[in-house]
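Below: one structure, written as structure tokens.
Protein chains in written order, with the working numbering: chain A, 1 to 234; chain B, 235 to 630.
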């Protein structure tokens with residue numbers, strides 16, 4: 001996986017309630033804060049927890065014109081093992097369209113790939129980084145709702161697109177800003193998190209702790225090792 | 235707040251004309267969604283009244299317009315009983331001489347279409363946001379733009395926004411265009427739902443302290459009804475009650491007047507938006523010609539082609555009605571191939587382009603996606619390669 005690309009086309013697949021769309025918004029703002037470019041689009045049907053949700057982010061050092069879902073991604077993020085094992089994905093199989101020499105990040109503590117999948121990914125010279133983002137979120141932030149922060153931290157840690165300061169400004173804008181329009185379900189989740197943390201500042205700090213933790217984890221990953229799967233213990 | 239307790243603006247605005255607002259006022263860059271961009275345009279357009287019925291993906295726009303009503307930027311805002319009620323209420327409110335905005339999507343547009351189709355004939359100067367969505371069963375909420383085909387023959391001026399910036403600029407410009415006395419028919423601003431409405435992009439916006447000068451209902455070709463102008467029937471005696479002969483004569487003359495009004499909007503599309511088309515690399519043999527989000531995909535394809543030293547151009551069509559026949563003819567007079575990517579199954583734009591030029595055989599009808607699917611740039615690249623006699627290795 002080369003980390004010096006001019007542009008990354010990222011596809012994020014997960015389940016309703018995991019913060020897939022929120023990740024896309026924060027990733028977009030993070031790139032904006034870094035003086036780079038991003039565009040993003042969410043994709044979901046009826047809003048309910050556990051239903052498939054995808055979001056697409058294009059991140060680049062150059063202006064981006066393209067819109068719509070990412071059909072040919074450089075990076076795929078899988079927020080829940082059921083995306084792979086139960087086929088809870090809008091794109092089947094989940095690696096459809098993956099470009100050669102690309103990266104997949106999976107939230108799982110165990111291997112979810114069939115031998116057949118592994119062969120396709122080996123032929124594409126892909127790299128798979130697997131770690132239990134949900135467990136990490138619980139351990140560091142005390143809530144599985146920070147799973148998306150762990151996934152985003154790993155992505156940004158591996159690609160080195162931005163610094164943690166850029167991320168912090170974006171996370172702050174998402175949770176403390178006034179410009180974000182959230183759907184009913186997301187607003188409900190937000191208020192649930194708010195109650196849990198009482199103060200939004202604490203929520204921000206917990207999220208940033210998760211991101212910093214995953215940045216440190218990402219620094220130890222060797223993307224050039226030639227191994228298909230790198231499993232990280234949390 | 236209660237029904238009688240209207241929100242009051244918390245700031246004093248500076249009222250300016252549309253030329254200043256669009257071309258001269260200093261702007262600042264924001265990273266916002268297309269829905270936010272449309273609502274921000276409504277805020278600066280000094281709109282009097284908005285009426286709507288919610289439908290995804292339009293609902294986010296009208297939710298935000300509701301927010302700016304609560305902040306005191308609009309005088310009146312309400313949710314109608316459904317879209318036919320919405321569009322009829324817009325026609326009714328137009329008789330009171332106020333600046334109007336509404337928005338809808340796919341099936342909502344069709345439900346309101348009977349009233350919308352009567353707007354030009356009634357000389358309703360309203361701005362209609364169309365946040366595109368599939369129409370037919372089976373149900374989907376994705377951004378197919380087939381409803382624009384239904385709107386094309388209603389008489390309304392139609393603009394098609396490529397991105398969040400276009401959504402902002404076109405919506406603002408639409409208010410000036412619709413209120414010109416020699417136009418005075420509705421102007422629609424379409425853009426793809428989700429791909430633009432729910433996606434963030436860069437929008438250069440002027441201060442919200444600036445607002446488009448007040449609507450001048452006295453300058454209307456159809457006088458508003460107020461205390462000075464007592465309620466009057468538009469038609470004292472319905473022509474159909476006089477005689478069938480008069481009825482069709484009057485109607486046919488009026489239809490010509492509406493389509494002339496539509497054509498007269500072209501000069502204002504030049505004035506406010508720089509013209510109905512944009513041409514990139516005018517000397518190319520092969521052009522991608524597209525509107526809305528397909529133009530964004532075409533722009534990306536043109537850039538890829540340039541990086542690969544292929545001589546490819548882009549023609550972005552901003553105005554669907556009036557259709558820029560002369561402009562397209564001038565731009566493609568030396569072209570060998572025109573590739574028309576679209577977000578709908580019938581290919582309404584390729585049909586328009588084919589009909590507009592003398593050598594329609596050079597038009598490649600596609601690539602097309604429908605049902606609201608994404609249009610990968612790679613599909614356009616494949617057509618470009620084919621047009622140039624080259625092989626393109628496309629895997630899915």
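C-beta atoms are modelled at their ideal positions from N, C-alpha and C, and glycine is treated no differently.
For this session: Along the alpha helix (DSSP H) that carries residue 270/B, what are the first and last residues, could you check?
Result: 268-278
Exercise. Would a check of beta-carbon distances place residue 541/B closer than 8 Å to chain A?
Worked result: no
Problem set entry | Beta-carbon proximity check, residue 109/A vs residue 132/A, cutoff 8 Å | yes
For this session: Consider the Cβ of residue 69/A: report whether some Cβ of chain B lies at a distance smaller than 8 Å.
Result: yes
Exercise. Hey, does residue 435/B have any beta-carbon neighbour from chain E nearer than 8 Å?
Worked result: This model lacks chain E altogether, as its protein chains are A and B.
Exercise. Is it true that the region 501-510 of chain B meets the region 529-543 of chain B, where meeting means three or more beta-carbon pairs spaced less than 8 Å apart?
Worked result: no
For this session: May I have the straight-line CA-CA distance separating residue 141/A from residue 135/A, to the nearest angstrom?
Result: 10 Å
Problem set entry | Proximity winner among 29/A, 104/A, 137/A, relative to residue 230/A (alpha-carbon distances) | 104/A
Problem set entry | Buried/exposed call for residue 387/B, threshold 16 Cβ in 10 Å | exposed
For this session: Going by DSSP, name the residue or residues bridged to residue 336/B.
Result: 362/B
For this session: Take the Cβ of residue 249/B as the centre, count every other Cβ of all protein chains shown within 10 Å, and call the residue buried at 16 or more, exposed below.
Result: exposed
For this session: Inspect the beta-carbon positions of residue 364/B and residue 322/B and report whether they are closer than 8 Å.
Result: no
Exercise. With 16 as the cutoff for other CB atoms within 10 Å, does residue 589/B come out buried or exposed?
Worked result: exposed
Exercise. Using the C-alpha atoms, what's the distance from residue 24/A back to residue 166/A?
Worked result: 15 Å
For this session: Under the assumption that residue 546/B contacts residue 524/B (Cβ atoms under 8 Å), give the Cβ distance between them as a whole number of angstroms.
Result: Not quite, the Cβ-Cβ distance comes to about 13 Å (not below 8 Å), so this is no contact.
Problem set entry | Short-range partners of chain A found in the region 587-618 of chain B, where Cβ spacing is below 8 Å | 607, 608, 609, 610, 611, 612
Exercise. What are the residues of the region 490-507 of chain B that lie near chain A, defined by any Cβ-Cβ distance shorter than 7 Å?
Worked result: none
For this session: Let me know the secondary structure DSSP gives residue 611/B once reduced to three states.
Result: helix
For this session: State yes or no: is the beta carbon of residue 530/B nearer than 8 Å to at least one beta carbon in chain A?
Result: yes
Exercise. Mind pulling the alpha helix (DSSP H) runs of 4 or more residues that sit fully within the region 109-134 of chain A?
Worked result: 115-123
Exercise. In chain B, which residues lie less than 8 Å from residue 40/A when you measure between Cβ atoms?
Worked result: 433, 434
Exercise. Which residue's Cα is closest to the Cα of residue 509/B: 357/B, 491/B, 404/B, 486/B?
Worked result: 404/B
Exercise. Under the criterion of a Cβ to heavy atom distance below 7 Å, does residue 510/B qualify as lining the ligand PLP?
Worked result: Of the ligands one can find in the structure shown there are none, so the ligand PLP has no counterpart to examine.
Exercise. Rounded to a whole number of angstroms, what is the C-alpha to C-alpha distance between residue 519/B and residue 568/B?
Worked result: 7 Å
Exercise. Span of the beta strand (DSSP E) holding residue 423/B?
Worked result: 421-426
Problem set entry | Neighbour-count burial assignment, residue 636/B, 16 or more Cβ in a 10 Å radius | The structure shown does not extend to residue 636/B, since chain B spans only 235 to 630, so no value can be given for it.
Problem set entry | Partner residues on chain A for residue 533/B, Cβ-Cβ distance less than 7 Å | 65
Problem set entry | The beta strand (DSSP E) enclosing residue 230/A, as first and last residue numbers | 229-232
Exercise. What residue from 65/A, 79/A, 71/A has the CA that sits closest to residue 51/A's CA?
Worked result: 79/A
Exercise. Is it true that the CB of residue 415/B sits closer than 8 Å to the CB of residue 226/B?
Worked result: Residue 226/B is absent from the model: chain B starts at 235 and stops at 630.
Exercise. Which two residues bound the contiguous alpha helix (DSSP H) that contains residue 446/B?
Worked result: First-last for residue 446/B: 444-446, but that is the beta strand (DSSP E), not the alpha helix (DSSP H).
Exercise. If you drop the 5 nearest sequence neighbours on each side, which residues of the same chain put their C-beta closer than 7 Å to that of residue 224/A?
Worked result: none
Problem set entry | Enclosing alpha helix (DSSP H) for residue 165/A [first to last residue] | 164-176
Exercise. Would you say residue 639/B reaches chain A, if we count a Cβ-Cβ gap shorter than 8 Å as a contact?
Worked result: The requested residue 639/B does not occur in the structure, where chain B is confined to residues 235 to 630.
Exercise. Using 8 Å as the Cβ pair cut-off and three pairs as the minimum, do the region 479-486 of chain B and the region 281-291 of chain B touch?
Worked result: no
Exercise. Of the residues 329/B, 374/B, 281/B, which one's Cα is nearest the Cα of residue 311/B?
Worked result: 281/B
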